[in-house]
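**Student:** Respectively, the protein sequence lines represent chains A and B. Using the numbering used here, read the first sequence as starting at 593 and increasing by one per residue. Using the numbering used here, read the second sequence as starting at 593 and increasing by one per residue. Beta carbons: idealized from backbone N, C-alpha and C, even for Gly. Please read these numbers as outputs of a predicted model, since none were measured by experiment. First the structure, then my questions, so here it is.
Number of protein chains: 2
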Amino acid sequence: MAKQAGSRTRSVRGSHTGRPIMALLDLLGRRWALRILWELRGEPLTSRALRSACDEASPTVLQARLTELREAGFVELGDGGGYGLTPLGRELCETFMPLHRFAERWRR
Amino acid sequence: MAKQAGSRTRSVRGSHTGRPIMALLDLLGRRWALRILWELRGEPLTSRALRSACDEASPTVLQARLTELREAGFVELGDGGGYGLTPLGRELCETFMPLHRFAERWRR
DNA sequence: CGTTTTGCTACAGATAATGTAGCGTGCTGC
DNA sequence: GCAGCACGCTACATTATCTGTAGCAAAACG
Numbered sequence: 593m594a595k596q597a598g599s600r601t602r603s604v605r606g607s608h609t610g611r612p613i614m615a616l617l618d619l620l621g622r623r624w625a626l627r628i629l630w631e632l633r634g635e636p637l638t639s640r641a642l643r644s645a646c647d648e649a650s651p652t653v654l655q656a657r658l659t660e661l662r663e664a665g666f667v668e669l670g671d672g673g674g675y676g677l678t679p680l681g682r683e684l685c686e687t688f689m690p691l692h693r694f695a696e697r698w699r700r
Numbered sequence: 593m594a595k596q597a598g599s600r601t602r603s604v605r606g607s608h609t610g611r612p613i614m615a616l617l618d619l620l621g622r623r624w625a626l627r628i629l630w631e632l633r634g635e636p637l638t639s640r641a642l643r644s645a646c647d648e649a650s651p652t653v654l655q656a657r658l659t660e661l662r663e664a665g666f667v668e669l670g671d672g673g674g675y676g677l678t679p680l681g682r683e684l685c686e687t688f689m690p691l692h693r694f695a696e697r698w699r700r
């Protein structure tokens, strides 16, 4: 198959096929990305609360992921402070929510 | 580099809660992990075919992910050669299959 | 045999994450 | 009006991880 032609998508690593699923898999396949979405599934969290929820992951990555997820339209910084899911982000979160039940059965 | 991951509990990075969902999110949140599962959703692929499907990702990571996914019981190396999903892996794949439709709507 | 193709490894260079510290801002309460 | 604090966010050296290229040993052809 013909590989891409020139669409350099700054944030999408490794996938140039133009298929959105690739971009999404790439975005979500970065450290802490899935976890962040997961932790935000409930109420909004401040950056520091989120950090605590994510096992004190370094603020550097967290901030990077948060920026990417915001650019993707999944996460937003509420006016009163604190990060929360956008409607789109919530939808995405629901999408892989069955993972929870799967994980329980998996129990490595 | 460790040739295998041996201890199953070995740092599921960053997550010590014992909750399987964290381990799963961590495992899937590594480079190419989601993509590999995605590319294997159809028929089994040889390691090189998989590499091609994954935009020629370096064999080093691919091999590392493949090992992890095998230890997790999601992927197996068929007797005739070629990597394929285990029943469990297929189940997992189905779990986040709706992502495809979501991605189509997302179309950043 | 010789050629391919398989799964897989080596390794140097590049990139991304960790861990710790701290900045600037906007609050409070005093 | 200023110490105290929490906020979002950044700096930066260290460490972990990924990339890219090359190549190996063992099977599967031929």
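With three or more beta-carbon pairs closer than 8 Å as the criterion, would you say the region 634-651 of chain B touches the region 689-698 of chain A?
**Tutor:** Output reads no: the region 689-698 of chain A does not touch the region 634-651 of chain B.
**Student:** List, in chain order, every chain B residue whose beta-carbon is nearer than 7 Å to that of residue 696(A).
**Tutor:** Correct list: 612.
**Student:** Given that residue 741(A) touches chain B, what residues does it touch there, using C-beta distances under 8 Å?
**Tutor:** Residue 741(A) lies beyond the range of chain A shown here (593 to 700); nothing can be said about it.
**Student:** Evaluate residue 687(B) with the Cβ neighbour count: other Cβ atoms within 10 Å of its Cβ, from every protein chain shown; 16 or more gives buried, anything less gives exposed.
**Tutor:** Flag for residue 687(B) reads buried.
**Student:** What residues from chain B crowd round residue 690(A), counting only those whose CB sits closer than 7 Å?
**Tutor:** The answer, in chain order, is 687.
**Student:** Does the beta-carbon distance from residue 685(A) to residue 611(A) come in below 8 Å?
**Tutor:** Contact: no.
**Student:** For my contact list, residue 625(A) and residue 657(A) are in at a C-beta cut-off of 8 Å; report their separation, rounded to the angstrom.
**Tutor:** About 5 Å; that satisfies the 8 Å criterion.
**Student:** Tell me the residue span of the alpha helix (DSSP H) that contains residue 681(A).
**Tutor:** Counting along the chain, the alpha helix (DSSP H) containing residue 681(A) begins and ends at 679-687.
**Student:** Please list, in chain order, all residues of the same chain as residue 622(B) whose beta carbon is under 7 Å from its beta carbon, the five residues on each side excluded.
**Tutor:** The answer, listed in chain order, is 657.
**Student:** By Cβ distance, which residues of its chain are closer than 7 Å to residue 620(A), with the 5 residues on each side in sequence left out?
**Tutor:** Cβ neighbours of residue 620(A) beyond the five flanking positions: 626.
**Student:** Could you spell out the range, first to last residue, of the beta strand (DSSP E) harbouring residue 632(B)?
**Tutor:** Per DSSP, residue 632(B) belongs to no beta strand (DSSP E) and is neither H nor E.
**Student:** State the Cα-Cα distance for the pair residue 613(B) and residue 680(B), rounded to the nearest angstrom.
**Tutor:** Distance between the alpha carbons of residue 613(B) and residue 680(B): 15 Å.
**Student:** Should residue 618(B) go down as buried or exposed, given a rule of 16 or more other Cβ atoms within 10 Å for buried?
**Tutor:** Residue 618(B) should be labelled buried.
**Student:** Three-state secondary structure (DSSP) at residue 660(A)?
**Tutor:** Residue 660(A) falls in the helix class under three-state DSSP.
**Student:** So which residues of chain B does residue 625(A) contact, with C-beta pairs closer than 8 Å?
**Tutor:** Correct list: 621.
**Student:** What does the alpha-carbon distance come out to for the pair residue 629(A) and residue 677(A)?
**Tutor:** For residue 629(A) and residue 677(A), the distance between alpha carbons rounds to 8 Å.
**Student:** So, is residue 693(A) buried or exposed, given that buried needs 16 or more other C-beta atoms within 10 angstroms?
**Tutor:** Flag for residue 693(A) reads exposed.
**Student:** From the DSSP output, which residues share a beta bridge with residue 669(A)?
**Tutor:** Its beta-bridge partners are 675(A).
**Student:** Verify whether the separation of the beta carbon atoms of residue 654(A) and residue 662(A) is less than 8 Å.
**Tutor:** No.
**Student:** Could you check the C-alpha separation between residue 650(B) and residue 683(B) for me, to the nearest Å?
**Tutor:** Cα-Cα distance, rounded: 27 Å.
**Student:** Skipping 5 residues on each side, what residues in its chain have a beta carbon closer than 7 Å to that of residue 645(A)?
**Tutor:** Answer for residue 645(A): 631 and 637, listed in chain order.
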